[in-house]
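Under the working numbering, the first residue of the sequence shown is numbered 4, with each subsequent residue one higher.
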Amino acid sequence: MGAEGMITVNKALIDAFQAASSPHSIRALKSDIEAFDAWCRRTNRFALPATAETVADYLDARAETGSRPASLARYKASIAKIHQLLDLKDPTPAPLVKLRLQAVRREKGAAQKQARPLRFKGPVRDVERDKARGLNIRALLESCADDLPGLRDRALLSTAYDTGLRASELVAVAVEHIEEAIDPEARLLQILRSKGDQDGEGATAYLSPRTVAAITAWTEAADITEGHLFRRVQVRRYKARAAVRGRPIDSISGRETWDLRKTLSKPAVKARVEYDVGTAALHPGSIGPIFRSIIQRAFDLGALPDLTAEDLTRLLKGISAHSTRIGLNQDLFASGEDLAGIMDALRWKSPRMPLAYNRNLAAEQGAAGRLMAKLI
């Protein structure tokens, strides 16, 4: 990195930070610092130690390119962290940096863009009595194919909804983490580590009989008895070939390559598909695309009849790996669960996020919403 003067690196401190941090946190810090250093080089600034003006100008530059306030706060935290690790004065608490960030929040708003929820029955008021409609997980599960990719996707989506796991937590699930429950048809999932549990205290999530059946079908078909549960599936497709009659030997011209195999007949070959199930887990970045693929398939099969093509295009843009977590959060709210129960089920440490995810439902089911429903 571009530094003003000699900087002494405390290896013991760096090693301790790496041991105490998750691989994802280390990658995020590395990415943020490399981006900051590149900007400093382009603008002839020193990245280490950075001045408050440099940090404020950098955050302004990122805001001008579209970064949201939440992202800017992360960049600021990464700059602070690298200064702390190198025993340099942290420039980020300076009033100039705080005021510049406050100005961005005032201009753009501090609200984060929320992923579109995937609710079990879709956008319904009564999760028990109302029929499924719109974009709903029930239709998506029924639309998954019965081949290996389809069995995996059904188990993946059902597990994601039941547990509300984040993408990184979902791909870390192993067969050994699944335990028996009081209900013989259900199971319990031991979550060894999560975003909100960096110390590895662990947590437990419930797997419904629906999900257990999906997982069983997938593991039996893929012959998975241990290790990562959700794995990559390589698909190889072979086209059909028509039968070929062997040629008489005297029909082979001297102008062509002489090969006795030309006299042999070849039987017809049917089209076939072969699958290879790997040993490595899915990448967290693949979860969102898998969800979108499941939705597209369900729409193509006519399983989402009240959605138009325009609706689908709009909805797909908001689908991410977080959609099932938000959907479960909203279904718990709609079913009458209190905030404490929702926080426990989804392992929230703070009420801020569950309240934010339920903001729209709260408005619809609040006092004004109930009154307007009576006036119709």
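All C-beta atoms in this analysis are idealised placements derived from N, C-alpha and C, irrespective of residue type, glycine included. Since we're looking at a predicted model, the values are computed, not measured.
Query	Result
Inter-residue spacing [alpha-carbon to alpha-carbon] between Ile85 and Asn13	12 Å
Secondary structure of Gly281, DSSP reduced to three states	strand
DSSP beta-bridge partners of Thr2	This structure cannot settle anything about residue 2, because the visible part of the chain is limited to 4 through 379.
Own chain partners of Ala97 with C-beta closer than 6 Å, once the 5 adjacent residues on each side are dropped	Ala55
Of the listed residues Gln87, Trp42 and Thr260, nearest to Ile17 (C-alpha basis)	Gln87
Residue span of the beta strand (DSSP E) that contains Arg77, given as start and end	Here Arg77 belongs to no beta strand (DSSP E); instead the alpha helix (DSSP H) covers Pro72 to Leu88.
Helix, strand or coil at Ile181 according to DSSP, with G and I counted as helix	strand
C-alpha gap between Asp60 and Phe49, whole angstroms	13 Å
Residue interval of the beta strand (DSSP E) (run including Arg300)	Counting along the chain, Arg300 falls outside any beta strand (DSSP E), though it belongs to the alpha helix (DSSP H) covering Ile290 to Asp303.
Option in Val238, Leu138, Asp253 and Lys124 with minimal Cα separation from Asp314	Leu138
Cβ pair Arg155, Val272 closer than 9 Å	no
Separation of Glu204 from Glu145, as counted between CA atoms	36 Å
For Gln237, three-class secondary structure by DSSP	strand
Separation of Arg108 from His231, as counted between CA atoms	41 Å
Own chain partners of Tyr278 with C-beta closer than 8 Å, once the 5 adjacent residues on each side are dropped	Asp150, Leu151, Pro152, Val236, Gln237, Val238 and Arg239
Residue interval of the alpha helix (DSSP H) (run including Met346)	Leu342 to Ala348
Cβ pair Phe20, Leu160 closer than 9 Å	no
Through-space distance from Ile297 to Ala274, alpha-carbon basis	24 Å
Distance CB(Val127)-CB(Ala135) smaller than 9 Å	yes
Environment of Gln333 [buried if 16+ CB atoms lie within 10 Å]	buried
Sub-9 Å separation of Leu121 and Leu143 beta-carbons	yes
Rounded C-alpha distance that separates Gln105 from Ala359	21 Å
Helix, strand or coil at Leu51 according to DSSP, with G and I counted as helix	strand
Neighbour-count burial assignment, His325, 16 or more Cβ in a 10 Å radius	buried
Cα-Cα separation between Arg250 and Tyr241, rounded to whole angstroms	25 Å
Close beta carbons around Arg300, own chain, < 6 Å, minus the five adjacent residues each side	Ser146
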